Amino acid sequence: MTGTDNPNAEQARAELVETLNAIEDKLNVPKQVGKATDRAKAKIAELREENPQALVGGAAAVALAVGAGVWAVARAVIKR
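Residue numbers (the working numbering): 1 to 80.
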């Protein structure tokens, strides 16, 4: 009888492989960033189809926040 004949060993090996793959997925930062980017793109595409006004409003809010941040940094630099 070899180790591969034991169904419990096969099940344990399969569970170990599954666990190691899950750990690798969690620790693989570029892969996680790619998944998050894909999810964000899908949400934006869905929002564009369902409610384009909200998308425009969100973009305007982001632009306003970035502008305020740039203004605050520029003002702090000028005051030095």
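We treat Cβ as the ideally placed atom computed from N, Cα and C, and that holds for glycine. Bear in mind that the values here come from a model prediction, so they are computed numbers and not experimental data.
Cβ-Cβ distance between residue i and residue j below 8 Å
i      : j      : result
Leu-64 : Ala-54 : no
Lys-31 : Asp-38 : no
Nearest-angstrom Cα separation, counted from residue j out to residue i
i      : j      : result
Trp-71 : Gly-58 : 20 Å
Asn-51 : Gln-11 : 48 Å
Ala-40 : Gly-67 : 23 Å
Ala-42 : Lys-35 : 11 Å
Exposure of residue i, with buried meaning 16 or more beta-carbon neighbours within 10 Å
i     : result
Gly-3 : For Gly-3, the pLDDT reaches just 49, beneath the cut-off of 50, and the residue's location in the model is therefore unreliable, although a value from the coordinates is still provided. Per the 10 Å Cβ criterion, exposed.
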